[in-house]
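Here the protein sequences come in this chain order: A and B.
Each residue of the first sequence is one higher than the last, beginning at 6 in the numbering used here.
Each residue of the second sequence is one higher than the last, beginning at 6 in the numbering used here.
Protein chains: 2
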Amino acid sequence: MNKIEPGFGINRRYLHDEVADRMRALIQSGEMAPCTRINEGELTERFGISRTPLREAIKILATEGLLELLPNRGARVASISPREIEEMMEVIAGLEATAADLACLHITEGEIAAIEADHAEMVTAWKMGDASAYYPLNRRIHEAVMTASRNTILASLYLSLSGRIHRSRYSAHQTPEQWTRAVEEHEEMLRLLRAREGAGLSALMRAHIRSKKAVIAASFADVADPAAA
Amino acid sequence: MNKIEPGFGINRRYLHDEVADRMRALIQSGEMAPCTRINEGELTERFGISRTPLREAIKILATEGLLELLPNRGARVASISPREIEEMMEVIAGLEATAADLACLHITEGEIAAIEADHAEMVTAWKMGDASAYYPLNRRIHEAVMTASRNTILASLYLSLSGRIHRSRYSAHQTPEQWTRAVEEHEEMLRLLRAREGAGLSALMRAHIRSKKAVIAASFADVADPAAA
DNA sequence: ACGGGCGAGATTACACGTAGAATTGTGCAG
DNA sequence: CTGCACAATTCTACGTGTAATCTCGCCCGT
């Protein structure tokens with residue numbers, strides 16, 4: 006039933022947390038598509054729990070923005086409008102800009118070296134036009150900067166937001182020109198990071214993410230919410 | 006079953022939302038101090054509701070970071086460490102920097118005029134050394150910039166975070182030198198806003214909030230969490 | 001006297017019952 | 001055939017019951 010993790014302290018998790026995690030996974034994997042109605046009976050049976058923890062999990066996911074609550078009609082998976090995607094990308098750009106600024110204050114030489122290694126590998130993937138190798142490395146670099154910011158609140162906010170548009174973000178493909186430009190920006194970002202020029206890196210990071218925003222928004226101009234609140 | 010308690014009024018919202026709002030108010034007003042244990046029985050009686058919506062509200066406030074969940078021991082009001090305050094201030098600085106950048110793109114002349122009016126009034130308050138008049142105006146200006154960003158996700162994130170440190174933020178008083186500098190920064194911010202220099206305003210805004218961070222962190226170096234997890 | 005263990009009381013986490021709103025199916029009029 | 005009204009059904013929101021866990025005072029051994 007309950008899995009007790011080894012280690013100090015109490016790692017026993019709440020049932021509603023477990024359920025929330027599973028539902029998050031279901032939503033992010035696309036198994037539960039946007040606008041899918043949440044049926045209590047179906048999910049309690051599926052998870053083998055009662056309705057109380059399920060309902061608590063629903064409330065949690067609703068405050069996270071993954072679900073929408075419909076009064077007296079339960080909940081459904083939140084559908085993200087292009088407008089919301091744009092807004093989220095701007096916020097993400099701001100969070101990454103902040104992370105970049107802070108990273109310049111706290112990052113170690115070792116971390117910079119690790120990023121440079123990933124970057125080199127990423128450039129190779131770019132030269133070979135291998136997007137499936139490029140994207141994970143790109144993501145790792147951005148996450149390394151986030152880690153180097155030494156700010157857990159920033160990181161968790163970033164994780165929450167980027168999780169919400171994960172599927173949108175990686176389903177969009179940029180043109181070769183955009184891709185080239187992104188690589189160039191990464192080069193410049195590494196230079197600024199090494200020089201620890203926080204303000205400059207911050208501004209560039211914002212512009213970098215913002216250019217991605219346009220790509221994503223364009224590719225998602227169709228999946229709108231037909232029944233907006 | 007239960008009749009409507011006085012104080013709730015006409016209730017078209019969810020009970021758990023209503024409860025969450027009231028608890029937020031209780032926490033932010035300081036009526037429920039950090040580390041205060043949440044007693045289900047006491048609060049259900051106080052709010053005139055049953056335990057189910059109360060528990061849902063608790064889960065919501067926990068995901069918002071206002072409460073901490075203690076397995077099998079309920080919840081307590083989250084105590085914020087100086088470290089967390091610093092981290093939050095950096096994130097808030099980032100959000101405000103983002104808002105500043107976006108505001109340069111979207112703000113109307115009328116909104117700029119309104120901010121200038123508030124600013125003029127604020128300068129008057131500063132010259133008279135009237136902090137109780139200064140702070141609300143200062144806050145209004147920052148909120149006007151946030152509104153001008155035309156980004157609801159950004160604004161709600163900002164509201165949530167700034168709500169969490171509201172008491173800390175306005176209990177800290179800065180030195181006359183810091184105050185003078187803040188006013189000067191506001192002058193410069195207005196200039197950049199008028200010129201719609203997003204990048205510059207963004208950087209200045211970050212620095213502006215960051216200088217406040219130091220003031221707050223210093224004044225709150227004592228209210229630590231005695232029982233950290 | 002002091003520390004460890006035990007048990008009564010208190011409190012929580014979860015399961016389940018109930019009333020009422022929303023949805024859907026059906027029959028009838030136009 | 002189509003549109004509307006109404007009833008049956010489904011499903012949610014909230015209330016309450018129950019077993020398990022924690023707290024804390026008390027007893028007993030050393």
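Beta carbons are placed, not taken as given, at the ideal position from N, Cα and C, and that holds for glycine.
- Unbroken beta strand (DSSP E) stretches of 3 residues or longer found wholly inside the segment 28 to 99 of chain B: 72 to 74, 80 to 82, given in chain order.
- Within the same chain, E190, E193, M194, L197 come within 7 Å of L209(A) by CB-CB distance, once the 5 residues on both sides are set aside.
- C109(A) counts as buried, since at least 16 other C-beta atoms from the protein chains shown sit within 10 angstroms of its C-beta.
- CA-to-CA, the gap between Q179(A) and S216(B) works out to about 39 Å.
- In the same chain as A25(B), and ignoring 5 residues on each side of it, the C-beta atoms closer than 7 Å to its own belong to A62, I65, L66, in chain order.
- Under a criterion of Cβ atoms nearer than 8 Å, the residues of chain B adjacent to V96(A) are, in order, L100, T103, N156, I158, L159, L162.
- Under the 10 Å beta carbon count, T68(B) is surrounded by 16 or more other beta carbons and is classified as buried.
- Of the residues I43(B), H171(B), I146(B), the one whose Cα lies closest to the Cα of V128(B) is I146(B).
- DSSP, reduced to helix, strand and coil, places D22(B) within a helical segment of the structure shown.
- If the five residues before and after E73(B) are omitted, its C-beta is found closer than 6 Å to the C-beta atoms of R81, A83, all from its own chain and listed in chain order.
- The beta carbon of Y139(A) is closer than 7 Å to those of M127, A130, W131 in its chain, skipping five residues each way along the sequence.
- Contact between E36(A) and K218(A) does not hold, since the beta-carbon distance rounds to 27 Å and is not under 8 Å.
- Residue contact with chain B for K218(A): absent (no Cβ-Cβ distance below 8 Å to any residue of chain B).
- By the neighbour-count criterion, in which 16 or more other beta carbons inside 10 Å mark a residue as buried, R211(B) falls on the buried side.
- In chain order, A204, S207, A208 make up the part of chain A whose C-beta sits under 8 Å from the C-beta of A208(B).
- Taking C-alpha positions only, T103(B) is separated from Y163(A) by approximately 14 Å.
- The alpha-carbon separation between M28(B) and R169(B) amounts to approximately 13 Å.
- About 7 Å separates the CB atoms of A204(B) and D106(B); that is less than 8 Å, so the two are in contact.
- Chain B places no beta carbon closer than 8 Å to that of L142(A), leaving this residue out of the contacts.
- Here M133(B) carries a coil assignment [DSSP, helix/strand/coil].
- The criterion of a C-beta distance shorter than 8 Å is satisfied by Q33(B) and R172(B).
- Between the alpha carbons of E45(A) and F52(B) lies a distance of about 27 Å.
- At a cut-off of 8 Å between beta-carbon atoms, H171(A) makes no contact with chain B.
- Per the coordinates, the alpha-carbon of I85(A) lies some 11 Å from the alpha-carbon of A38(A).
- Interface with chain B (8 Å Cβ-Cβ cutoff): T68(A) is included.
- Listed in chain order, the alpha helix (DSSP H) runs fully inside the segment 120 to 203 of chain A are 136 to 153, 157 to 169, 171 to 176, 181 to 200, counting runs of at least 4 residues.
- Any Cβ of chain A closer than 8 Å to the Cβ of M93(B) would place that residue at the interface, and such an atom is present.
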